[in-house]
Every structure is written in structure tokens, then in C-alpha cells.
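Asker: The structure follows.
Number of protein chains: 2
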Amino acid sequence: MEIKLLFVSKTKDFWVHQGVEHYRNRLRHYAKVTLLEVKGAKALAPVAGKTQESERILAKMDEGCFWVLLDERGKQTTSVGLSQSFQKWMNQGHSQFGFIVGGAYGVDERVAARANWVWSISQLTFPHQLIRLSLVEQLYRAMTLLKGEKYHHP
Amino acid sequence: MEIKLLFVSKTKDFWVHQGVEHYRNRLRHYAKVTLLEVKGAKALAPVAGKTQESERILAKMDEGCFWVLLDERGKQTTSVGLSQSFQKWMNQGHSQFGFIVGGAYGVDERVAARANWVWSISQLTFPHQLIRLSLVEQLYRAMTLLKGEKYHHP
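In order, the protein sequences belong to chains Z and Y.
Quick note: the first sequence uses our numbering, first residue 9, plus one each step.
Quick note: the second sequence uses our numbering, first residue 9, plus one each step.
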């Protein structure tokens with residue numbers, strides 16, 4: 009299995025970087041993990057910036073990969089539900105999975121339309137840096153659930 | 009306003025500690041923030057440990073404070089909804105708010121029954137360390153929303 013993490017701009021705060029690496033290193037026991045960072049468009053106005061960042065994301069969304077966009081407009085799931093979705097996608101023949109976290113202003117409709125699934129982590133609005141951290145922890149958790157390992161207790 | 013953060017055991021990972029401090033320092037501009045840590049009961053079996061930790065929590069839940077328990081069984085809200093709840097509680101005369109994050113095995117029914125509100129951050133199961141981090145960020149976000157400041161953009 010390969011997991012691609014597609015993020016807008018580098019992780020700014022060192023503690024977020026350390027947290028992402030903490031779970032990414034654990035996730036590496038289960039999958040090849042590739043970090044794809046596209047440049048943020050901070051100098052532009054929100055709408056123009058979102059458009060430019062979305063184009064950079066779309067350019068990375070190659071065929072053959074199952075793309076999941078993290079976005080508040082998406083569907084929620086439990087951690088067990090996420091692991092079951094992984095199982096379903098693998099049964100459908102997928103082995104490459106990409107998870108997209110946009111920038112501060114989110115992504116435009118084209119990215120949502122191109123994604124295979126749009127996933128909302130919470131009704132709450134979180135900084136995209138905390139979404140990255142939550143994402144890698146949940147991916148690690150899903151892998152341990154698929155393997156029947158002890159990390160998750162309900 | 010006073011905000012009490014009632015956590016079970018010290019924050020283990022340094023990057024989580026740094027993240028919590030990052031948002032706690034911002035939150036301090038809006039409220040007195042008190043960190044209350046009760047000892048974890050790691051050596052015990054899950055159920056006995058949960059009972060012991062819950063008793064330590066109950067001992068800290070003083071009268072006059074509006075207590076919110078973070079628990080997956082609770083209700084979800086948006087970030088704007090949280091700020092509106094704060095406004096409502098303040099209008100009811102509350103000025104002390106306590107937020108409880110249990111240990112790895114959660115808390116027992118007595119804590120949920122004693123709490124004024126039970127709040128679920130997400131359908132997903134997160135480590136309690138990441139729940140602490142999400143909590144302080146959301147509290148800071150709620151304060152900026154109450155003040156009409158620019159941090160949150162929908």
C-alpha cells in the first residue's frame with residue numbers, strides 16, 4: 009500500500025512537524041508514505057489564493073490513486089468506519105491512497121469534484137496544521153485496526 | 009472569565025505539550041487559564057483505572073463552575089456554535105468554565121452525570137493528548153469569535 013499526503017505549504021510550527029513525524033513514522037510500518045507539499049499562495053487574496061492552490065493540488069492528483077479530500081463539507085466517519093472504508097477500497101483493487109489537506113482558505117469545487125471521497129474530521133473548524141496531525145494519527149489508527157492490533161480501544 | 013483545564017496525567021510527548029502551551033498562551037489574553045492535572049492510574053486494569061481516575065476528577069469538580077466533559081458520547085457543535093454556547097452560559101451568569109479530558113480509557117458515568125454539558129469533538133476516536141490540543145485551540149477560537157476578531161474564517 010502507498011499513502012500520499014498532499015499538503016499545501018510546509019508545516020510552519022515545529023511542534024506540528026514533530027507530531028506529524030511521530031505518527032508518520034508509525035504509519036510507515038504499514039505503508040509506503042509519501043509527503044507531497046505544494047506551495048501556498050499566501051500573498052494573494054483568499055479567492056485567488058484558493059484557486060491557485062487548488063490548481064497546484066489538481067496537478068498532483070494522478071490517475072490510479074484513490075483521492076480523499078479532507079473538508080468540512082464532507083462526510084464524517086468513526087475510526088472503525090475509516091478502517092472498514094480502507095478495506096472496501098482495497099477490495100475494489102485500490103492500493104494507492106492520497107489524502108489532501110488544503111490551505112487556510114480550503115480548496116475549490118474542482119478538487120472536491122475530482123476526489124473519490126470527501127471526508128470531514130469534525131463539525132469544528134480546525135487550523136489545517138492540526139488537521140494534518142489528526143489525519144496521520146487516524147491513518148495510523150486505521151492500519152492498526154485492519155491488522156487487529158491493540159492501539160485502538162473503543 | 010476563568011477557564012480550568014482538567015486533564016488526567018501529565019502531557020507525555022513534548023510536541024503535544026508545546027502545542028497546548030502555544031494555544032494556552034493565546035487563550036490567556038481572554039481568560040485566566042488554570043491547568044489542573046490529576047494523576048493517571050496506569051498500573052490498574054482499565055475498569056478499575058477508569059474508576060480511580062474518575063474519582064480524582066470528581067474531587068476537582070467544584071460547585072460554581074460550569075463543567076464540560078469531552079467525550080465521544082456527547083453532542084457535536086461547530087466552532088461558531090461553541091462560541092454561541094459560551095455567550096449563552098455567560099448570559100446565565102457563569103464565569104468559571106471547566107473542561108475535562110479523561111485518560112486513555114475515558115471516564116465513568118458519574119463524571120458525565122455531574123457535568124453540565126458533554127461535548128464530542130468528533131465521531132473519530134483520538135488519543136487524549138490530541139483531544140487536549142484540539143480543545144485549547146477551539147477555546148482560543150471561541151474567544152476570538154466572541155470578540156469579533158479575525159482568527160476564524162468559515
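Ideal Cβ positions, reconstructed from N, Cα and C, are used throughout, including at glycine.
These figures come from a predicted structure and were not determined experimentally.
Identify every run of the alpha helix (DSSP H) within the stretch 60-123 of chain Z, keeping only runs that are complete inside it and at least 4 residues long; order them along the chain.
Answerer: 87-99, 117-122
Asker: In or out: Z/Val55 buried (at least 16 other Cβ within 10 Å) or exposed?
Answerer: exposed
Asker: Less than 8 Å between the C-beta atoms of Y/Asp79 and Y/Gly114, yes or no?
Answerer: yes
Asker: As an exercise, report each continuous beta strand (DSSP E) stretch of at least 3 residues that is fully enclosed by the stretch 29-63 of chain Z, in chain order.
Answerer: 40-46
Asker: Contact criterion: CB-CB distance below 8 Å. Does Z/Thr152 meet it with respect to chain Y?
Answerer: When Cβ-Cβ separations below 8 Å define contact, Z/Thr152 makes no contact with chain Y.
Asker: Taking a Cβ distance cut-off of 8 Å, strictly less, list which residues of the stretch 132-152 of chain Z are near chain Y, in chain order.
Answerer: Those residues of the stretch 132-152 of chain Z that come within reach of chain Y (Cβ to Cβ, closer than 8 Å) are Leu132, Thr133, Phe134, Pro135, Leu138, Leu141, Ser142, Glu145, Gln146, Arg149.
Asker: Could you spell out the range, first to last residue, of the alpha helix (DSSP H) harbouring Y/Ile139?
Answerer: Start and end: 136-154.
Asker: Counting only Cβ pairs nearer than 7 Å, list the residues of chain Y close to Z/Leu106.
Answerer: For the sequence presented, residue 106 of chain Z should be read as Gly rather than Leu. Within chain Y, no residue comes near Z/Gly106; the closest Cβ sits about 19 Å away, beyond 7 Å.
Asker: Taking three-plus beta-carbon pairs below 8 Å as touching, is the stretch 126-135 of chain Z in contact with the stretch 126-140 of chain Y?
Answerer: yes
Asker: Check the C-beta distance from Y/Gly48 over to Y/Gly111 and give it rounded, since I have them as a contact under 8 Å.
Answerer: 5 Å
Asker: Report the neighbours of Z/Gln84 on chain Y: residues whose CB is nearer than 9 Å to its CB, in chain order.
Answerer: Chain-ordered, the chain Y residues with CB closer than 9 Å to the CB of Z/Gln84 read Gln84, Ser130, Gln131, Leu132.
Asker: Would Z/Glu61 and Z/Val16 qualify as a contact pair, given that the criterion is a beta-carbon distance under 8 Å?
Answerer: yes
Asker: Just to confirm, are Y/Gln137 and Y/Thr42 a CB contact at a threshold of 8 Å?
Answerer: The answer is no: Cβ separation not under 8 Å.
Asker: Answer yes if the stretch 100-110 of chain Y comes into contact with the stretch 67-74 of chain Y, meaning at least three C-beta pairs across the two stretches below 8 Å, and no otherwise.
Answerer: The stretch 67-74 of chain Y makes contact with the stretch 100-110 of chain Y, as at least three CB pairs between them are under 8 Å.
Asker: Tell me, please, whether the CB atom of Z/Ser87 is closer than 8 Å to any CB atom in chain Y?
Answerer: yes
Asker: Quick one: does Y/His102 have its CB under 8 Å from some CB of chain Z?
Answerer: no
Asker: What residues in the stretch 11-23 of chain Y bring their beta carbon closer than 9 Å to a beta carbon of chain Z?
Answerer: Taking 9 Å as the Cβ-Cβ cut-off against chain Z, the residues of the stretch 11-23 of chain Y that qualify are Asp21, Phe22, Trp23.
Asker: Is the Cβ of Y/Gly110 closer than 8 Å to any Cβ of chain Z?
Answerer: no
Asker: Would Z/Ser142 be called buried (16 or more neighbouring beta carbons within 10 Å of its own) or exposed?
Answerer: buried
Asker: With a cut-off of 8 Å, does the C-beta of Y/Gly27 fall near any C-beta of chain Z?
Answerer: yes
Asker: Span of the beta strand (DSSP E) holding Z/Ile11?
Answerer: 10-16
Asker: Among residues of its own chain, excluding the 5 on either side of Y/Tyr148, which ones have a beta-carbon nearer than 6 Å to its beta-carbon?
Answerer: Tyr31, Arg34, Leu35
Asker: Of the choices Z/Gly101, Z/Ser87, Z/Ser91, whose alpha-carbon is the least far from that of Z/Gly72?
Answerer: Z/Gly101
Asker: How should Y/Gln95 be labelled, buried or exposed, when 16 other C-beta atoms within 10 angstroms of its C-beta is the threshold for buried?
Answerer: So Y/Gln95 ends up on the exposed side.
Asker: Beta-carbon within less than 8 Å of Y/Thr85's beta-carbon, same chain only, minus the 5 sequence neighbours each way: which residues are those?
Answerer: The beta carbon of Y/Thr85 is closer than 8 Å to those of Ser93, Trp127 in its chain, skipping five residues each way along the sequence.
Asker: Below 8 Å on the Cβ atoms is my contact criterion, and I expect Y/Leu14 with Y/Ser87 to pass it. Report the Cβ-Cβ distance as a whole number of Å.
Answerer: That pair is no contact at about 21 Å.
Asker: Find the nearest neighbour of Y/His37 within the set Y/Met9, Y/Val76, Y/Lys83, judged by alpha-carbon distance.
Answerer: Y/Met9
Asker: Counting only Cβ pairs nearer than 8 Å, list the residues of chain Y close to Z/His30.
Answerer: By Cβ distance, chain Y contributes Asp21, Trp23.
Asker: Counting C-beta neighbours from all protein chains within 10 Å, is the total for Y/Phe22 16 or more, i.e. buried, or is it exposed?
Answerer: exposed
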